[in-house]
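K.L.:
The sequence shown runs contiguously to residue 378 in the numbering used here.
Once you've had a glance at the structure underneath, I'll fire off some questions.
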Amino acid sequence: MITFLYGKDSYRLKLALADFTEKIKKSFPETDFTHLDLSEAGSLNRLEDNVKIRSFFGAPRCLILTNAFHDPDNLAGLIHRWKIDADKEINLIVSEYADASALKRQGKELFALLNGKKNKVLELPLFKKSDYPIWIKSEFKKRGITADQKAVLSLLDFSYDTGAPKEEQELFEPHRSYWLGQEIDKLANYAAANKKTEINHNDVALLTSPRVRPTVFEVTDALLARNRRAAFRAIHKQMESDIEPPQLLAIIAKQFRAALQIKGLRSKLPAMAIAQRFGFHPYVAQKISAYLSKWEMSELIKIFGLIAEADKGSKAGVTEMEDSLYSLAFAV
Numbered sequence: 047m048i049t050f051l052y053g054k055d056s057y058r059l060k061l062a063l064a065d066f067t068e069k070i071k072k073s074f075p076e077t078d079f080t081h082l083d084l085s086e087a088g089s090l091n092r093l094e095d096n097v098k099i100r101s102f103f104g105a106p107r108c109l110i111l112t113n114a115f116h117d118p119d120n121l122a123g124l125i126h127r128w129k130i131d132a133d134k135e136i137n138l139i140v141s142e143y144a145d146a147s148a149l150k151r152q153g154k155e156l157f158a159l160l161n162g163k164k165n166k167v168l169e170l171p172l173f174k175k176s177d178y179p180i181w182i183k184s185e186f187k188k189r190g191i192t193a194d195q196k197a198v199l200s201l202l203d204f205s206y207d208t209g210a211p212k213e214e215q216e217l218f219e220p221h222r223s224y225w226l227g228q229e230i231d232k233l234a235n236y237a238a239a240n241k242k243t244e245i246n247h248n249d250v251a252l253l254t255s256p257r258v259r260p261t262v263f264e265v266t267d268a269l270l271a272r273n274r275r276a277a278f279r280a281i282h283k284q285m286e287s288d289i290e291p292p293q294l295l296a297i298i299a300k301q302f303r304a305a306l307q308i309k310g311l312r313s314k315l316p317a318m319a320i321a322q323r324f325g326f327h328p329y330v331a332q333k334i335s336a337y338l339s340k341w342e343m344s345e346l347i348k349i350f351g352l353i354a355e356a357d358k359g360s361k362a363g364v365t366e367m368e369d370s371l372y373s374l375a376f377a378v
């Protein structure tokens, strides 16, 4: 038996996978679950070993695959060879963070096999803005409360940062449902604590703030974009605010460390897989990845070295950290 989940909405994809596995647990409590990331070395062999195993009592098993299109031809061959689509003992769940066109480019035969009529297939495309209200209401309902229409629309409007550049808005789109999900959790917890059964507009106004792009990330965006003038201006803006130089340097260090990790694996893994490996939010991995065509690995290492020197020099009293921050702007 094969279940195929795919789409560009990372949060709804995660929810769908959790929903499918929960239903299996309720229907067949004795089910054994195995998770395999097929981008990892030897994972396809481990998958075949799991398929070969047969329970004496015929206990069901659930094999959950991510990055299944890393080696599409060999996976398709394995599915054919062991007739997994007709195997009642094995439930193979494939979860892929990509749309149909991208998956077909990676492995046309595998996509056709997974998308077969006998299989359970759920596509999770990005919502249009008009699709969100029904989904938001359903998410509140799952948490045992309701939300009036004005509250739903206010929450949705808060998720749109109209001041962000168009490119950044497009990058955020696959993760809008994640942001909304976090806010729905917050509102649901508030309702439970206050014995409320319905969320209204005032609750949303009290607990949720518009999704405004944090200005501190203007610094890291400008540095990663290698825009010296913008980086200098952004650093100056932060120095005029209440942020402390060590705090700003720590944020820059974190972003460049992530850039190094993503750069090292970008040719081997998609952004979503890298995010899972290092614990980044998918939006962060995707956003940083968009800048990396401007950088060689050696250049990123050099900048990270300058960041380390700035920290060390400041702690030793040799250099002023604020001066070192401006030096970074000129070094990119």
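We put the beta carbon where it would ideally sit given N, CA and C, even for glycine.
If you're wondering where the values come from, they're calculated on a predicted model, not measured in any experiment.
#1: Between which residues of its own chain and Asn-246 is the CB-CB distance below 6 angstroms, once the five residues before and five after are set aside?
#2: Residue range of the beta strand (DSSP E) that Lys-166 falls in?
#3: Between the stretch 267-275 and the stretch 320-330, do three or more beta carbon pairs fall short of 8 angstroms?
#4: Below 8 angstroms on the Cβ atoms is my contact criterion, and I expect Leu-160 with Ala-62 to pass it. Report the Cβ-Cβ distance as a whole number of Å.
#5: Using 8 angstroms for Cβ pairs, my map puts Thr-80 next to Asn-91. What's the rounded Cβ distance?
#6: Excluding sequence positions up to five away, which residues of its chain have a Cβ less than 7 angstroms from the Cβ of Trp-225?
#7: When burial is assigned at 16 or more other CB atoms within 10 Å of the CB, is Thr-254 buried or exposed?
#8: Looking only at its own chain, which residues have a Cβ that is under 7 angstroms from the Cβ of Gln-284, when we skip the five neighbours before and after it?
#9: Could you have a look at Tyr-143 and say whether DSSP puts it in helix, strand or coil?
#10: Going by C-alpha to C-alpha distance, which of Phe-278, Leu-311, Ser-184, Lys-333 sits closest to Arg-373?
#11: Classify Tyr-57 as helix, strand or coil using the three-state DSSP reduction.
#12: Might you give, ordered along the chain, the residues of its own chain that have their beta carbon closer than 6 angstroms to the beta carbon of Met-47, omitting 5 neighbours on each side?
#13: I need the straight-line Cα distance from Arg-107 to Leu-93, nearest angstrom please.
#14: Would Leu-330 pass as a contact of Ala-305 if the rule is Cβ separation under 8 angstroms?
#15: For Arg-100, which residues of its own chain have a beta-carbon under 8 angstroms away from its beta-carbon, when the five flanking residues on both sides are left out?
#16: Please list the segments of the alpha helix (DSSP H) lying wholly inside the stretch 296-328, counting only runs of 4 or more residues, in order along the chain.
#17: Using the beta-carbon count (16 or more within 10 Å), is Gln-332 buried or exposed?
#18: Would you kindly work out how many angstroms separate the C-alpha atoms of Ala-234 and Val-378, rounded to a whole number?
#19: Let me make sure I understand the geometry here. Which of Glu-68, Pro-292, Leu-338 has the alpha-carbon closest to that of Ile-308?
#20: Quick check on this structure: which residue in Met-343, Met-367, Glu-342, Ser-344 has the alpha carbon closest to the alpha carbon of Ala-354?
#21: Span of the beta strand (DSSP E) holding Thr-49?
#22: Pull up the distance between the alpha-carbon of Leu-371 and that of Lys-340, whole angstroms please.
#23: Is the separation between the beta-carbon of Tyr-57 and that of Glu-142 shorter than 8 angstroms?
#24: Please classify Glu-203 as buried or exposed, where buried requires at least 16 other C-beta atoms within 10 Å of its C-beta.
#25: Can you tell me where the beta strand (DSSP E) with Leu-111 in it begins and where it stops?
#26: What does the Cβ neighbour count give for Ala-375, buried or exposed, with the cut at 16 atoms within 10 Å?
#27: Out of Leu-124, Asp-133, Ser-223, which one is the CA nearest neighbour of Phe-173?
#28: Within 10 angstroms of its Cβ, does Thr-112 collect 16 or more other Cβ (buried), or is it exposed?
P.N.:
With the structure as the only source:
#1: Within the same chain, Asn-246 has close Cβ partners Asp-194, Ala-197.
#2: 166-169
#3: Not touching, per the Cβ criterion.
#4: Rounded, the Cβ-Cβ distance is 15 angstroms, inconsistent with contact.
#5: The Cβ separation is near 13 angstroms, so there is no contact.
#6: Ser-205, Arg-257
#7: buried
#8: By the criterion of a C-beta distance shorter than 7 angstroms, Gln-284 is surrounded in its chain by Val-262, Val-265, Leu-294, once the five residues flanking it on both sides are discounted.
#9: coil
#10: According to the sequence as given, residue 373 is Ser; it is not Arg. Comparing Cα positions, the closest option is Phe-278.
#11: helix
#12: Only Asn-137 meet the Cβ criterion.
#13: 12 angstroms
#14: It is Val, not Leu, that sits at residue 330 in the sequence shown. No; because the gap between Cβ atoms is not below 8 angstroms, this pair is not in contact.
#15: Short of 8 angstroms from the beta carbon of Arg-100, and not among the five residues preceding or following it, lie these beta carbons of its own chain, in chain order: Glu-135.
#16: 317-324
#17: buried
#18: 44 angstroms
#19: Nearest option by C-alpha distance: Leu-338.
#20: With distances taken between Cα atoms, Ala-354 lies closest to Met-367.
#21: 48-52
#22: 21 angstroms
#23: no
#24: According to the sequence displayed, residue 203 carries Asp and not Glu. Exposed, by the Cβ-count rule.
#25: 107-112
#26: buried
#27: Ser-223
#28: Taking all protein chains in view, the Cβ of Thr-112 is crowded by 16 or more other Cβ atoms within 10 Å, so the residue is classified as buried.
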